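A short write-up of the structure that comes next.
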Amino acid sequence: MKKIAIIGATSFIGRNLIEPLVKDDWDVVAVVRTNSVKRGYLERFSNIKILECDMSEYDKLGNLLGPVDCSIYLTWDGTRGQERSNYELQLKNYTQGMLAIQSIIENGCKKILTAGSQAEYGPWFQSRNLCEFDKENPNTEYGKFKLKFYKDIKSLCDNHKVKLIEPRFFSLYGPDDYEGTMIISILKKMLHNEPCDLTECKQIWDFLYITDAINGLMLLINKNIESGVYNFGFGEGYPLKYYIEKMYSITKSKSILNYGTIPYPITGMVNVNPCIDKLKSVGWTPKISFTEGINRIVNVLK
């Protein structure tokens, strides 16, 4: 049986990835932090191993895991809000991540996936879709250290003949996502007919439903594809207001939509408009429309 380690297994992506891996006959080791409050997400799976390891001990992670066929690195602190600009926190993420990857490689892992972010690209102002070959210019400490992490582990993997794949996620959404995300928080307000304070919502955005993202990850895990970055998005970008109005219609809300009451951050308005041709070339196609995805979330929230 093939063995796979999910580092950050209680994350939104991690906990949605476990079931398809188990069904696909992978021997899953779920790495979580000591006394994780989210451990309960994983305990319903009787046929996985749960390994507790704090980020401060990631230099020992390879020894704790033993040999694995594939590792998926999903853990990272400070991915939202002001913490994205916290240099010390992002440096700590980078340093501990490098120790983890080096330790895993030294114990024989031959394929590694790391969770990338659109923040690695930085602001995008062109009308065309953003492709993997476009020059990165991150403008947050989070994006800068995420990109540095990818480039430095790429060198490490190249030197050890380890395959490195970075699924670079744009905007994922789904029923069990973090409650502070735009979609979950606004849907809750709409369902209670509460006022919704928003930016002007002119920025271009692209949302990918979590099960579509998981299906893409399963292809990257199982297929013998070339190393590198793969953009993860639905492939259709619209002004954010388009999505807000869709949510408003689906919920049949009477909320007041206060467009323009929230200013854009000092880093500027960010467009999210990925090209997904590279991921589609390995046999993947997104299936869940935004309307269907929102309906699924609403059915859970009601």
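According to the UniProt record's numbering, the sequence shown holds residues 1 to 302 in order.
Just so you know, even glycine gets a beta-carbon here, dropped at the ideal spot from N, CA and C.
Owing to the predicted nature of the structure, the values given are computational and were not obtained by experimental measurement.
1) Indicate whether N258 and C196 have their beta-carbon atoms separated by less than 8 Å.
2) What distance in whole Å lies between the Cβ atoms of G174 and K297, which are believed to be in contact at a cut-off of 8 Å?
3) Would you mind sorting T261 into buried or exposed? The rule is 16 or more other CB atoms within 10 Å of its CB.
4) State the DSSP-derived secondary structure class of R168, mapped to helix, strand or coil.
5) Have a look at G78, D77, G116 and I101 and flag the residue whose alpha-carbon is nearest the alpha-carbon of P67.
6) Bridge partners for D197 per DSSP, in chain order?
7) Quick check on I212: buried or exposed, where buried means 16 or more other Cβ atoms within 10 Å of its Cβ?
8) Just the C-alpha distance for I50 and Q118, rounded to the nearest angstrom, thanks.
9) Would a C-beta distance cut-off of 8 Å place L156 and I105 closer than the cut-off?
10) What did DSSP end up calling F145 once you bin it into helix, strand or coil?
11) Just to confirm before moving on: does the CB-CB distance between N81 and Q90 stay below 8 Å?
12) Should M182 and S253 be called a contact, given that it needs their Cβ atoms to be closer than 8 Å?
13) Applying the 10 Å Cβ sphere with the 16-neighbour rule, what's the burial state of V37?
14) Assign T285 to buried or exposed, taking buried as 16 or more other Cβ atoms, counted over all protein chains shown, within 10 Å of its Cβ.
15) How about G143 and G122: are their beta carbons less than 8 Å apart?
16) Report yes or no: do three or more beta-carbon pairs, one from the region 212-224 and one from the region 145-162, lie closer than 8 Å?
17) Should I7 and Y73 be called a contact, given that it needs their Cβ atoms to be closer than 8 Å?
18) Looking at the unbroken alpha helix (DSSP H) that takes in D177, where does it start and where does it end?
19) Do V29 and C53 have their CB atoms nearer than 8 Å?
20) State the DSSP-derived secondary structure class of C157, mapped to helix, strand or coil.
21) Let me check one thing: in DSSP terms, what residues is L208 bridge-paired to?
22) Hey, which unbroken runs of the alpha helix (DSSP H) at 4 residues or more fall wholly within the region 222-274?
23) Tell me whether the region 125-144 and the region 269-276 touch, counting them as touching only if at least three CB pairs, one residue from each stretch, are closer than 8 Å.
24) Please state the DSSP three-state secondary structure of V29.
25) When you compare only the Cα positions, how much space is there between L208 and L219?
26) Cα-Cα, which of V300, C70, I165 and K241 is closest to K278?
27) On the DSSP bridge list, what partners appear for L51?
28) Could you pull out every residue in the same chain whose Cβ sits closer than 6 Å to the Cβ of K163, ignoring the five residues on either side in sequence?
29) Which word fits F169, buried or exposed, when buried means at least 16 other C-beta atoms lie within 10 angstroms of its C-beta?
So, from the data block:
1) yes
2) First, the amino acid is wrong: residue 297 is Ile here, not Lys. The pair is a contact, with the Cβ atoms about 7 Å apart (cut-off 8 Å).
3) exposed
4) strand
5) I101
6) N258
7) Correcting the residue type first, residue 212 is Asp in the shown sequence and not Ile. Buried, because 16 or more other Cβ atoms sit within 10 Å of the Cβ of D212.
8) 30 Å
9) yes
10) helix
11) The sequence shown places Gly at residue 81, rather than the Asn named in the question. Going by C-beta atoms, G81 is not nearer than 8 Å to Q90.
12) no
13) exposed
14) exposed
15) Yes, the pair counts as a contact, with Cβ atoms nearer than the cut-off.
16) no
17) Yes, the Cβ-Cβ distance between I7 and Y73 is below 8 Å.
18) Looking at the DSSP string, D177 is not in any alpha helix (DSSP H), and its letter there is neither H nor E.
19) no
20) helix
21) L172
22) 240-251
23) Touching, yes.
24) strand
25) Using only the alpha carbons, I get a separation of about 16 Å.
26) I165
27) V31
28) K111 and S227
29) buried
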